[in-house]
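Residue numbers (this note's numbering): 564 to 1520. Backbone N, C-alpha and C fix where the C-beta goes; we use that ideal spot for every residue, glycine too. Read through the structure below, which is laid out as structure tokens, and then see the notes.
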């Protein structure tokens, strides 16, 4: 096999290794068919001008008073421009759709988007590949109760606003004929005219495309769903091929761009349809007239969710329920149980019609209980309440006695001793007093308790699971259809209104602050006030002093209350950040996956064309490595959030660390023709004790951000300074990374180091990332006892400053040496390796890599077979073993322990290297405890694999 063929085989094996790990991590991925790319015209040095029909269309084509454009259609054009050498000229914002078609036919514009195919249009125009889907949409004004969704008798003779010469008009005519109703047509030239006419009452309903965003309307029909396209003049094949090429590239590289645009411009604005059917209105009328009555109840031991205050039922749940019933127009009587036992009796004896706080998992459970239920209106998460000095081990767990059929902590802290209390509040007080280590309660219960804790001695930790869906249950004594009526109200209930209720019941306000709270928070000042009061009583002096102190105290308490209000808002902001993160992650993960799968298909089709084949493989490798970075960031953030950062400090050379990072970042900077300046003149003590890997990650993240967010021809400066520290034998290290890139808004800087935060999504900025990099390095810096700060200005640039303190190391030897290594092509010839791996593809990759390096390779599919092979071998037969961890029959840990227990000492000491996708520090420690000599992470990095094998085999020699 020639050297070129060997390199190509080695390259294939490396790429396949990456693909296997991706498929092992994501077991169910919807691939996309890349299709056959049209031939792309050679790029011209000058951009082709393309005239775009840009008609006003709310949600699709928009332009503000400053001329800034937005909308589904505009964002599509900008995405396509990434793959075309064109410059757009936007024409016809004041024109109608009908006029736009005439302009395209007459050659006054080059393309028009959002078009659907019709027989007449296909005679005049050519169509691109699909760029989205839309439906015909019929809407009425929000307060219109006379026209009811899909009750077609109410549609009879309604006035419908339509666009002239629009294909949706024919779709509606077919619907009317099929459903048997007549209507009056009122034609308009513009979508905006139809929208205005609907709000003025000039028409009863508006017929438009679903690509229009709606406001103060609700949808009563969506029908005739179909793809829409870019439309060009008949015969303009050059432009059509260019557009189709761009669409293919977008499908490969931009992830679910159609869904993303649809969600961005329509998903958040389409209002829920709160309209009741004729039958539902009849049911509501029966209760509204007093013909039927509703008795409603709720448990009273879940403050702030539901509790009794001065004989009245209060809390988040009762207040939200009141809003839902008001929206439905349903009167009701609240009955308050004396205790949990009476509440449970009512659930069985039929004396109550509706329970507003049913913890029922699903419809199956409801059916078994013989009740009707609504959709969930709230998912109640749990929190663990502990003292601030909690050591992490729950020995005694506080549990509330009365919780219904199943306690919320049933499967939590199962080994802890249960200590029972009458209420959850009693359990939390016991935590505060140190009688138990922890208790589990609902999240907002914990939040309120901690906010009101005058001692400041307790805290809470939010649990990801379990989460309990809460619903409204309708008992057999009431109409089951009430579940549907109230479900509609739940869907229409504003999210901001629920958030406001939660804030009202959990945030500490000044009126909640008692004299006892003030004394506990400020014992010294309280004592001073007491002395002043005694002095006043005895001497009738110092009146002004007392007033001053009281004013000062109130001011402090107001500030504290405001701070807690801010904390509540920050918690809300954190939840919103996670939601944004999940949306962004869908794009960040699926984008490289789409590229991997798409380019894999293209590589198969290009077999025999070496240039194309290697180009596609390069792109597969880049996408796979990016996906691995995303997964690693998420896992690392999960670990640091749980406080499991362990620093591995050892003697190292700071200059070597800097040189390694600068080598990579400097190359990336040169590709963008940036000025990359490194100043190490004040690095006085290169040899220190530190966690070299974490320091390298901190520096690498800051430099890569600077390169990514700085424009071509920009400037990046890295300055390293060192000064003697305040204590002998230590030095302060200062790292400054400065750029003149895009900078950040001031209000974003406050959230910069929070997890999941990005000022722009990857779709908008064009840069991939999870929003976790800075959050991770902030945790690293904190763990090292250092600081990180930033100065930034939008469109001017940013400067990050990291300060760390290190113990100096004595330079007894060169810590980073360039010792000569044996030639990798000859040092492993004749060495015999046993590969233990249950996955056929992984094993095939490892065999090919090691045989290519000169090893003699044998295989075992599980730990048991590996032990048998070693037992039967002669002394010195195997030079080493590569051992997977998770395998059937016998795992890698157990197999290693069995080999180490062999009576033959030569066999028992064979070097064993763990090869595992488990890459955390605790996994490496577990490998070491089992008796393994080293731990290599999957996907395998060839340089690290060969270095490890070389070192271990040399030592064994």
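Item: Boundaries of the alpha helix (DSSP H) in which residue 1278 is found, first to last residue; Value: Looking at the DSSP string, residue 1278 is not in any alpha helix (DSSP H); the run it does join, the beta strand (DSSP E), is 1278-1287.
Item: Beta bridge counterpart(s) of residue 804 as assigned by DSSP; Value: According to DSSP, residue 804 bridges with nothing at all.
Item: Contact set for residue 656: own chain, Cβ-Cβ below 7 Å, skip 5 residues either direction; Value: 617, 618, 619 and 626
Item: Run of the beta strand (DSSP E) containing residue 730, from where it starts to where it stops; Value: Looking at the DSSP string, residue 730 is not in any beta strand (DSSP E); the run it does join, the alpha helix (DSSP H), is 730-742.
Item: Residue 879: first and last residue of the uninterrupted alpha helix (DSSP H) it sits in; Value: 879-891
Item: Exposed unless 16 or more other CB atoms sit within 10 angstroms - verdict on residue 1426; Value: buried
Item: Among 1513, 802 and 670, nearest to residue 1413 - alpha-carbon criterion; Value: 1513
Item: Three CB pairs or more closer than 8 Å across the segment 845-858 and the segment 1010-1026; Value: no
Item: Residue 1295 - partner residues in DSSP beta bridges; Value: 1286 and 1368
Item: Residue 610 versus residue 779 - alpha carbon distance; Value: 43 Å
Item: Top-ranked residue by Cα proximity to residue 879, from 915, 858 and 943; Value: 943
Item: Under 8 Å between C-beta atoms of residue 918 and residue 869; Value: no
Item: Beta-carbon contacts of residue 638 that lie in its chain and below 7 Å, excluding the five residues immediately before and after; Value: 824
Item: Cβ-Cβ distance between residue 1003 and residue 1048 below 8 Å; Value: no
Item: Beta strand (DSSP E) runs wholly inside the segment 742-778, at least 3 long, in chain order; Value: 746-751 and 768-772
Item: Stretch pair the segment 1480-1496 + the segment 1444-1458: three plus CB contacts closer than 8 Å; Value: yes
Item: Residues bridged to residue 1033 (per DSSP); Value: 941
Item: Residue 676 beta carbon less than 8 Å from that of residue 694; Value: yes
Item: Residue 1162 versus 1508, 1010, 812 and 1432, residue with shortest Cα-Cα distance; Value: 812
Item: Validate contact between the segment 744-756 and the segment 687-705 using beta carbons, cut 8 Å, 3 pairs; Value: no
Item: Boundaries of the beta strand (DSSP E) in which residue 1475 is found, first to last residue; Value: 1475-1479
Item: Between the CA atoms of residue 1351 and residue 1233 - distance to the nearest angstrom; Value: 27 Å
Item: CA-to-CA distance, residue 711 to residue 876, given in whole angstroms; Value: 36 Å
Item: Residues bridged to residue 1238 (per DSSP); Value: 1278
Item: Simplified DSSP assignment, three categories, for residue 1302; Value: strand
Item: Range covered by the alpha helix (DSSP H) that runs through residue 506; Value: Lying outside 564 to 1520, the shown extent of the chain, residue 506 is not represented and no answer is given.
Item: Residues near residue 1406 in its chain [Cβ-Cβ closer than 8 Å; skip 5 each side]; Value: 1398, 1400, 1422 and 1424
Item: Three-pair Cβ contact test at 8 Å for the segment 1263-1275 versus the segment 1285-1305; Value: yes
Item: Buried versus exposed, by CB contacts within 10 Å (16 or more), residue 1255; Value: buried
Item: Cβ-based neighbour list, residue 1009, same chain, cut-off 7 Å, excluding 5 preceding and 5 following; Value: 946, 948 and 1023
Item: Pairwise C-alpha distance: residue 1209 and residue 1340; Value: 14 Å
Item: For residue 1184, the three-state DSSP class (helix, strand or coil); Value: helix
Item: Pick from 1440, 648 and 1404 that is closest to residue 1395, judged by C-alpha positions; Value: 1440
Item: Which of helix, strand or coil DSSP assigns to residue 1232; Value: helix
Item: Assigned secondary structure, residue 1253 (DSSP; H/G/I helix, E/B strand, else coil); Value: strand
Item: Same chain, Cβ closer than 6 Å to residue 916, five either side skipped, listed in chain order; Value: 857, 858, 1038, 1040 and 1041
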